[in-house]
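Here the structure is laid out as structure tokens; the discussion comes afterwards.
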């Protein structure tokens, strides 16, 4: 049965589940123009500046409150509530999003715009935790327009608040990318000048931090820098192992030219024929997995196109079937396919300054509504978020 939904005119037509290109330049001052350490024998800092560590710590404390969010949603379906809760606790965010999209699809079928808006808010929050910021913005903008259509002040304020949180998260990811890039640049500089103290430990940390923010190419670069370090201190075995790890990362993101360069340069005297064959099998499996993931992401884009097609025709239930199919398909794809293309770190850091402007705008709007409505707890939470803007 056709259902008239007032929010159709506001849904962005670019809704595709990929990370946005954030964009450009201020990092030049941050990591190229910074002062050199006074002691040239110690090339790398032991960590981020204290103000950044405090800022990061506050963000870590503001992770998704699963109990509160599901209580707010009031699913009325104990089995689905339990499943979504378990998926979120296990950080299986894409699978949780598929379940929540099914809830939203049912709300569309029932013309329950309140339930739909609440579900879109939670979808946005889950996508923020997944680092899928483009998808999060689409969900939250849809929720915002729905709440404005219904004159739902609290829904509007919550949408603004989460849009502010999204932009703070974009800034956080940009700063993490910048810091790891800075450390990698300093490590290479230290190696070239013959200063090796602390470089191994810092480069391994750079690898892990880049993996955490899904910058797989940067992690592979760090492995290659480690290989260079081991070359300098004549530890040929560890140098070769680092190059193998870099090759695996490149294979898992489809960059086979880099893989062939690294594998062709391996020293047969440092690895047995059987071990080398095993490495090549693993690399082939990683590349095959990448190829399958590309097929899945392509299928998801096709489903998204069908979603928009049926939205334009006014067949909302049919449209949401394809939106759910897109999410199900992406749930079977790995992060390395979804996040394989990201902007250069300088572009990301530059654009994060605009994210701070957007965060301030959204949080001010949320704070004004909470303050005028006397919702002190949410106002305080919003003010705490604003304190993270810099």
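Numbering (this note's numbering), first residue to last: 34 to 423.
All C-beta atoms, glycine included, are put in the ideal place defined by N, C-alpha and C.
Do the CB positions of residue 258 and residue 224 come within less than 8 angstroms of each other? yes
What number of angstroms, rounded off, separates the C-alpha of residue 166 from the C-alpha of residue 267? 44 angstroms
Could you tell me the distance, in whole angstroms, from the CA atom of residue 360 to the CA atom of residue 194? 25 angstroms
If we count the other Cβ atoms within 10 Å of its Cβ and call it buried at 16 or more, is residue 400 buried or exposed? buried
Rounded straight-line distance, which links the Cα of residue 248 to that of residue 240: 9 angstroms
Would DSSP call residue 304 helix, strand or coil? coil
Cβ separation of residue 423 and residue 411, assumed to be a contact under 8 angstroms, to the nearest whole Å: With a Cβ gap of about 22 angstroms, residue 423 and residue 411 do not count as contacting.
Comparing alpha-carbon positions, which option in 204, 159, 126, 138 lies nearest residue 388? 204
Count Cβ pairs between the region 135-151 and the region 167-185 that sit closer than 8 angstroms; are there 3 or more? yes
Under the three-state DSSP convention, the category residue 267 falls into: coil
Once DSSP output is grouped into helix, strand and coil, what is the label at residue 213? helix
Taking Cβ positions, are residue 303 and residue 273 nearer each other than 8 angstroms? yes
Please classify residue 2 as buried or exposed, where buried requires at least 16 neighbouring CB atoms within 10 angstroms. The requested residue 2 does not occur in the structure, where the chain is confined to residues 34 to 423.
In this structure, how does DSSP classify residue 246 when only helix, strand and coil are distinguished? coil
For residue 105, is the classification buried or exposed, using 16 other Cβ atoms within 10 angstroms of its Cβ as the cut-off for buried? exposed
For residue 119, which of helix, strand or coil comes out of DSSP? helix
Given 8 angstroms, three or more beta-carbon pairs between the region 154-162 and the region 125-143: yes
Look at the alpha carbon of residue 238 and the alpha carbon of residue 262, and state the distance between them as a whole number of angstroms. 15 angstroms
Am I right that residue 364 and residue 127 are in contact with their C-beta atoms under 8 angstroms? What's the rounded C-beta distance? 4 angstroms
Helix, strand or coil, according to DSSP, for residue 366 in the structure here? coil
Need the endpoints of the alpha helix (DSSP H) that residue 136 sits in, please. 126-142
Thinking C-alpha only, which one of 232, 326, 337, 260 is nearest residue 171? 337
Quick check: residue 277 and residue 312, are their CB atoms within less than 8 angstroms of each other? yes
Residue 164: which of 355, 192, 124 sits nearest, CA to CA? 124
Buried or exposed by the 16-neighbour rule on C-beta atoms within 10 Å, applied to residue 35: The pLDDT assigned to residue 35 is 42, lower than 50, so where the model puts this residue is not dependable; a value taken from the coordinates is nonetheless given after this. When all chains shown are included, residue 35 counts as exposed.
Do residue 161 and residue 202 have their CB atoms nearer than 8 angstroms? yes
Which residues in the same chain as residue 287 place their Cβ atom closer than 6 angstroms to its Cβ, once the five residues preceding and following it in sequence are excluded? 323
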